[in-house]
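One structure below.
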């Protein structure tokens, strides 16, 4: 199993704090710097506006082919759920430079908590699977009504990747387990900031959480149990606030290696530093 580890997004201005990886780095050099530390990234900007081909060409150039990109579907597919044929065409065609460079990871469909398991929503998800057939599509379903074996069986039949999440223990959402529906796994670690998950005014506030070493050991154990079932596993830390993910990723790498799950650690070079 090849493990890819990175963060939810790379344009994190709070990583310019003293001792963090963007200290003294100009914004247009964030991705180049990021790519020296992490071999995967979850692209957030595509959720708000689908980048054009030239933008993706720039991402390939800046990352130097060192980093895999998981591309988040635009909100028109997951939150508004009114995509046009033109939206599908642009979402499918624009990342072509990533494919040509061999750095395209799965698409990510991040549905909101309000997307319950209803007949209409099941039909919508099936339609989405059909339109993205031939491409890896990871689906995050935040409402607990989807957290059922029969849902994952259906996803497996249609080649959809179940996103295994780690949420705060607030109830009403899927349990923190690694589930396998294809030979590719996808894990999103949101942190466990119970106090601000519902009340938080921003994603930054909700993801303000630093995992303990014991919590990283816990996830390493769960990952090790499914290592033989997967060819690839993507692990993305969403707790990027105040550089928490930068501290947690080395913990997970160490915990996985200790359990016989090999993880590659990019070499940042002499000028590089993680913390």
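Residue numbers (this note's numbering): 502 to 776.
Ideal Cβ positions, reconstructed from N, Cα and C, are used throughout, including at glycine.
6 Å Cβ shell around residue i - same chain, five flanking residues per side excluded
| i | result |
| --- | --- |
| residue 516 | 522, 523, 744 |
| residue 693 | 669, 710 |
| residue 727 | 679, 681 |
| residue 773 | Bear in mind that a pLDDT of 45 at residue 773, under 50, signals an unreliable position, so the number given afterwards is only what the model happens to contain. Excluding sequence neighbours, residue 773 sits near 537. |
| residue 677 | 667 |
| residue 519 | none |
| residue 752 | 714, 717 |
| residue 503 | 733 |
| residue 736 | 506, 688 |
Simplified DSSP assignment, three categories, for residue i
| i | result |
| --- | --- |
| residue 507 | strand |
| residue 610 | strand |
| residue 711 | coil |
| residue 539 | coil |
| residue 744 | helix |
| residue 685 | strand |
| residue 526 | coil |
| residue 605 | strand |
| residue 757 | helix |
| residue 544 | strand |
| residue 771 | Residue confidence is low: residue 771 scores 42 on pLDDT, short of 50, so the model does not pin down where it sits. Its coordinate-derived value is still stated next. Correct three-state label for residue 771: coil. |
| residue 726 | helix |
| residue 532 | helix |
| residue 776 | Low confidence applies here, because residue 776 scores a pLDDT of 46, under 50, leaving its location unreliable; read the following figure in that light. Of the three classes helix, strand and coil, the one that applies to residue 776 here is coil, per DSSP. |
Residue range of the unbroken alpha helix (DSSP H) whose run includes residue i
| i | result |
| --- | --- |
| residue 651 | 650 to 658 |
| residue 598 | 597 to 602 |
| residue 561 | 554 to 564 |
| residue 640 | Per DSSP, residue 640 belongs to no alpha helix (DSSP H); it is in the beta strand (DSSP E), 638 to 641. |
| residue 592 | 586 to 594 |
| residue 621 | 620 to 632 |
| residue 616 | Run containing residue 616: none; DSSP gives neither H nor E here. |
| residue 512 | Taken as a continuous stretch (DSSP letters only), residue 512 belongs to no alpha helix (DSSP H), as it is neither H nor E. |
| residue 576 | 576 to 579 |
Residue i Cβ short of 7 Å to the ligand MG heavy atom set
| i | result |
| --- | --- |
| residue 531 | As for the ligand MG, it is missing from this structure, which has no ligand bound. |
Sequence-distant residues of its chain with Cβ nearer than 8 Å to residue i (five each side left out)
| i | result |
| --- | --- |
| residue 540 | 505, 506, 507, 567, 568, 569, 765, 767 |
| residue 749 | 690, 711, 712, 717, 738, 740 |
| residue 759 | 721 |
| residue 549 | 575, 576 |
| residue 565 | 533, 536 |
For residue i, the nearest candidate out of the options (CA to CA)
| i | options | result |
| --- | --- | --- |
| residue 560 | 722, 595, 619 | 595 |
| residue 576 | 635, 544, 658, 513 | 544 |
| residue 536 | 563, 546, 549 | 563 |
| residue 585 | 712, 629, 699 | 629 |
| residue 682 | 660, 746, 526, 572 | 660 |
| residue 653 | 528, 718, 757, 618 | 618 |
| residue 662 | 616, 601, 668, 635 | 635 |
| residue 601 | 557, 716, 542 | 557 |
| residue 666 | 657, 644, 656 | 644 |
| residue 637 | 623, 624, 647, 572 | 572 |
| residue 647 | 706, 514, 700, 673 | 673 |
| residue 532 | 547, 546, 512 | 512 |
| residue 685 | 621, 553, 730 | 730 |
| residue 555 | 599, 514, 587 | 599 |
Host beta strand (DSSP E) of residue i (start-end)
| i | result |
| --- | --- |
| residue 666 | 661 to 667 |
| residue 573 | 569 to 573 |
| residue 736 | 733 to 738 |
Cβ distance (whole Å) where residue i is taken to contact residue j below 8 Å
| i | j | result |
| --- | --- | --- |
| residue 551 | residue 592 | 6 Å |
| residue 691 | residue 651 | With a Cβ gap of about 25 Å, residue 691 and residue 651 do not count as contacting. |
| residue 687 | residue 607 | 6 Å |
| residue 640 | residue 671 | Going by Cβ atoms, the distance from residue 640 to residue 671 rounds to 21 Å, so no, they are not a contact pair. |
| residue 578 | residue 530 | Wrong, their Cβ atoms sit about 31 Å apart, outside the cutoff. |
| residue 642 | residue 675 | 7 Å |
| residue 623 | residue 589 | Incorrect: roughly 20 Å between the Cβ atoms, too far for contact. |
| residue 534 | residue 542 | So it is not a contact: roughly 12 Å between Cβ atoms. |
Spatial neighbours of residue i in its chain, beta-carbon cut-off 7 Å, leaving aside the 5 residues before and after
| i | result |
| --- | --- |
| residue 724 | 679, 734, 757, 762 |
| residue 784 | This structure cannot settle anything about residue 784, because the visible part of the chain is limited to 502 through 776. |
| residue 580 | 613 |
| residue 746 | 508, 738, 740 |
| residue 657 | 682, 683 |
Any chain C beta carbon closer than 8 Å to residue i
| i | result |
| --- | --- |
| residue 751 | Going by chain labels, chain C is absent from the structure shown, which holds only one protein chain. |
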